[in-house]
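What follows is a single structure, written as C-alpha cells, with notes after it.
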Amino acid sequence: MKIIEQMLSAAQYNRGMDIVIISTTSAMQEVYWQQRLEASKGQIANRSGLILAVHEDWPGGAGNGLGTLYCLQKAVERAKSTGVDLLQRLRDGASLAIYHTAGKGTRLAPLPAAENNNKPAVKLPGMLHIDGAQRPITILESVIRQTSVYAPARAGYVSVFWGDQIFIPTTDPARQPRAHVEILCQLSSFPSEQEWQTRGLQNYGLIAVDAAGNARQAEKISYGQAKKLLVDGVINADGGIGPSIGSFTMSALMTEALLAEFATELAQKQGKMDTDPHFWMPMALPLATYAEVMQAKGAKEPAAHHARIRRMLETLPAQQAVLGAMDVGADSYWWDYGQLTGYHGNCMRLLRDDEEGRAMRQFFAAPEPDENGAICIGCTIGRGRAFDSLLIDVACESVAVARAAVVGLRAPSLEGQGIIVYQHLSRTAVTVEDGGVIADSVLPPDERVSMHTQIGRHGGDDWHEVLAGNPVSYDTLHKRNHAIDPLAAEQLAIAQFASYQTGPSDG
55 MKIIEQMLSA AQYNRGMDIV IISTTSAMQE VYWQQRLEAS KGQIANRSGL ILAVHEDWPG
115 GAGNGLGTLY CLQKAVERAK STGVDLLQRL RDGASLAIYH TAGKGTRLAP LPAAENNNKP
175 AVKLPGMLHI DGAQRPITIL ESVIRQTSVY APARAGYVSV FWGDQIFIPT TDPARQPRAH
235 VEILCQLSSF PSEQEWQTRG LQNYGLIAVD AAGNARQAEK ISYGQAKKLL VDGVINADGG
295 IGPSIGSFTM SALMTEALLA EFATELAQKQ GKMDTDPHFW MPMALPLATY AEVMQAKGAK
355 EPAAHHARIR RMLETLPAQQ AVLGAMDVGA DSYWWDYGQL TGYHGNCMRL LRDDEEGRAM
415 RQFFAAPEPD ENGAICIGCT IGRGRAFDSL LIDVACESVA VARAAVVGLR APSLEGQGII
475 VYQHLSRTAV TVEDGGVIAD SVLPPDERVS MHTQIGRHGG DDWHEVLAGN PVSYDTLHKR
535 NHAIDPLAAE QLAIAQFASY QTGPSDG
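For the sequence shown, our numbering assigns the number 55 to the initial residue and increments by one for each residue that follows.
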C-alpha cells in the first residue's frame, strides 16, 4: 500500500512530526523513552525531530483531557530549559504530536509486567536497528511510525494519539484540518440496530457529522439514545456517523485557549477531566442535551461546566468551525494491541493470506509465511514444526506449536496451541495449555518471575488474585516493578538471553 510506504519512509526523510512528546507514567520511563527514541531517529522519529519524554505526576490521574494539557505544559517547560519555545514553534507551523502511554495495562496483563510496567515497550513483529543490534519494535514506536503520515497536513496543530493502537487509513491523510478540533473516526451511514450491536458501537464515543462537515460527539450511548438524538435534531448524520478512534488534532489557538482556561487546575494538579465529556461534548451539544447525558453519568453541575467551555470558545476566531471529524475510512485497518485477545489476534492476522495480512507484513517489514503458515524472525530452532505461528527471537532445541505467538524464548523445547509466550526463559521443557499465556518479569539484580494466565481472561478482573501457577498477584508484581528501572531490567534480560545455551542441536 502506498500509504504504508509513506509511513515507513517518513522518519528517514524528515516527513514525520517535527516534535514528538511522550507522556509516561514514571520518571524512569521518561528516561527510557528519551534514550530509546533518540537512538531510533531516522527509523521512527524524524532525524531532525525534537523528542520530549515527560511523566504524569498528577495525584489520582488527570484524565486524558487535563492529562493532555499537563503533558504539553511539562514539555513546554522542558523545552524552555534547552532554549526552545515550544508554543512559538507551534504558532510558526511546526507539527507536534503527543502520545499517551499512561495506565497499568490491566487488559494486557501480564505482558506489561514483563516490561517492568513499561506498557508501551511491549514488543511487536518488526525489527529496528538500536545501538548496533537488531531489536523488536515496540507498540509505541509502531504508533509513532504509523501516525507520521499525518504530519505534512498538521503544521501548526497538536495531534494526540493513544500508544496501543495502530490504524491504517484508507482516506487521504494530507487533507488539511477544517476545524479547531478534529477527531479521528470511522464514518459510515447510520446503521441498523443489529449493525450497531454487531459493531459494538455502544462501547465507543460516537461522532456524527452533518453535510457541512461539522461534528457532534456523544460518549458511549445506546442505539436508542443515538436514534433519539437524531430524531430530535440534536445530531445530524448526513455526513456520516461512527465510532471515535479517540485520537484528535487541535489548532494552536484551541491549544492555547485550553491551557489558559484550565491554568488553575494545571498549576494545582487538581481535578480529572477527559476530552470527550469535558471538552468536546460541551463544545458541540446544546446545554439541555449535555446536562441530561452528564447527569445520567453522575456528573455534578454540568450546566456550569457547559457555560465555562462556551465562554472559552468566545475567545476564538468565529470564521473556523469548532469541532470536525477526520474520517480514516470505514474499511481502514485498526489493530488494537491493548488486550491479550487483540495481541494474539493481531499476531495471527500477520500470517493471513489476504489484503490485510499483506498490509500488516508490509508495515512491520515481516517475511512471508513459510509452507506451514509460520513466520520466524531471529530464531534458532533445532527441529520440530510451527503451524500458523509467529516466532520472534526464539532459541529452542525443538518446537511443536500451532497458532502460537512467541516473542522471546529460551528453553529446551516448546509445545502448545493458541498460546502466547513472552520473554520466557526455562531450563526445562515448556508445555503450555491450550490458550495459555506465559510472560516473565526480570527484576534486577537476579530475579525472574513467570506469570501465567489464559488469553480470554481480563487482567483487570484478576488484578488482586493469585492465579494458578503464579507466585504473586498482578497487583503485587506491579508494585514491585514500580521501583525497577526498565532500562536496567531490559539490559539484564538481553544479557540473560545472550548467555543461554540451548544445546548441541541448535542450528
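Note that CB positions come from ideal geometry on N, CA and C, so glycine has one too.
Residue burial classification, residue i (beta-carbon count within 10 angstroms, cutoff 16)
{"i": "H478", "result": "buried"}
{"i": "A197", "result": "The residue asked about is misnamed: residue 197 is Val in this sequence, not Ala. V197 should be labelled buried."}
{"i": "A459", "result": "buried"}
{"i": "P40", "result": "A query on residue 40 cannot be resolved here, the shown segment of the chain reaching from 55 to 561 and no further."}
{"i": "Q251", "result": "exposed"}
{"i": "K128", "result": "buried"}
{"i": "G557", "result": "For G557, the pLDDT reaches just 46, beneath the cut-off of 50, and the residue's location in the model is therefore unreliable, although a value from the coordinates is still provided. It counts as exposed."}
{"i": "Q97", "result": "buried"}
{"i": "D72", "result": "buried"}
{"i": "K351", "result": "exposed"}
{"i": "Y67", "result": "exposed"}
{"i": "T309", "result": "buried"}
{"i": "P113", "result": "exposed"}
{"i": "T136", "result": "exposed"}
{"i": "T318", "result": "exposed"}
{"i": "Q555", "result": "exposed"}
{"i": "Q322", "result": "exposed"}
{"i": "K354", "result": "exposed"}
{"i": "Q240", "result": "buried"}
{"i": "R464", "result": "buried"}
{"i": "D111", "result": "exposed"}
{"i": "H183", "result": "exposed"}
{"i": "N257", "result": "exposed"}
For residue i, three-class secondary structure by DSSP
{"i": "P174", "result": "helix"}
{"i": "D560", "result": "For D560, the predicted structure reports a pLDDT of 37, less than 50, and the residue's modelled location is therefore unreliable. A value from the coordinates is still provided. In the structure shown, D560 sits in coil (DSSP, three-state: anything other than H, G, I, E or B)."}
{"i": "C450", "result": "strand"}
{"i": "Y153", "result": "strand"}
{"i": "L404", "result": "coil"}
{"i": "Y387", "result": "strand"}
{"i": "D381", "result": "strand"}
{"i": "P421", "result": "coil"}
{"i": "V475", "result": "strand"}
{"i": "L468", "result": "strand"}
{"i": "V347", "result": "helix"}
{"i": "R511", "result": "coil"}
{"i": "M327", "result": "coil"}
{"i": "S553", "result": "helix"}
{"i": "E247", "result": "helix"}
{"i": "E544", "result": "helix"}
{"i": "H398", "result": "helix"}
When the options are compared against residue i, the one with the closest alpha-carbon
{"i": "G472", "options": "K177, L150, V491", "result": "V491"}
{"i": "R511", "options": "L162, H360, D226, R232", "result": "L162"}
{"i": "D408", "options": "L394, Y387, K533, T395", "result": "Y387"}
{"i": "M55", "options": "N524, Q279, F417, V448", "result": "F417"}
{"i": "A272", "options": "I295, A266, R253, A265", "result": "I295"}
{"i": "R481", "options": "N426, S553, R534, M327", "result": "S553"}
{"i": "I474", "options": "A547, F441, V486, V503", "result": "V486"}
{"i": "A549", "options": "A379, D500, R365", "result": "D500"}
{"i": "R365", "options": "K351, Y397, A311", "result": "A311"}
{"i": "M61", "options": "I446, K533, I220", "result": "I220"}
{"i": "W334", "options": "N400, Y391, H360", "result": "H360"}
{"i": "K134", "options": "G157, G115, G159, L106", "result": "L106"}
{"i": "S193", "options": "N172, G293, G186", "result": "Note on residue identity: the sequence assigns Ile, not Ser, to residue 193. I193 has its Cα closest to that of N172, out of N172, G293, G186."}
{"i": "D488", "options": "S527, Q555, C401, Q508", "result": "Q508"}
{"i": "T79", "options": "S63, A93, A116, K95", "result": "A116"}
{"i": "R406", "options": "N426, D390, D385", "result": "N426"}
{"i": "D494", "options": "Y528, Y204, V85, G470", "result": "Y528"}
{"i": "I275", "options": "G180, G259, N290, A269", "result": "G259"}
{"i": "I222", "options": "D381, E92, G436", "result": "D381"}
{"i": "D515", "options": "T155, L284, P164, R362", "result": "P164"}
{"i": "V203", "options": "Q248, L150, H154, G180", "result": "L150"}
Distance CB(residue i)-CB(residue j) smaller than 8 Å
{"i": "R90", "j": "A65", "result": "no"}
{"i": "Y476", "j": "V455", "result": "no"}
{"i": "L320", "j": "L123", "result": "yes"}
{"i": "V484", "j": "L497", "result": "no"}
{"i": "I75", "j": "L141", "result": "no"}
{"i": "P540", "j": "Q83", "result": "yes"}
{"i": "V288", "j": "P356", "result": "no"}
{"i": "T329", "j": "F302", "result": "yes"}
{"i": "A384", "j": "I58", "result": "no"}
{"i": "H536", "j": "N524", "result": "no"}
{"i": "I152", "j": "V214", "result": "yes"}
Neighbour flag for residue i against chain B, beta carbons, 8 Å
{"i": "R199", "result": "Structure shown: chain B not included; a single protein chain is present."}
3-residue-minimum beta strand (DSSP E) runs that sit fully inside the region 278 to 325, ordered along the chain: Counting whole runs of 3 or more residues, the region 278 to 325 contains the beta strand (DSSP E) stretches 294 to 305.
What are the start and end residues of each continuous beta strand (DSSP E) run of 3 or more residues lying completely inside the region 177 to 235, in chain order? 177 to 184, 187 to 192, 211 to 216, 219 to 222
Return the chain-ordered ranges of every beta strand (DSSP E) run that is complete within the region 59 to 88 and spans a minimum of 3 residues. 73 to 78
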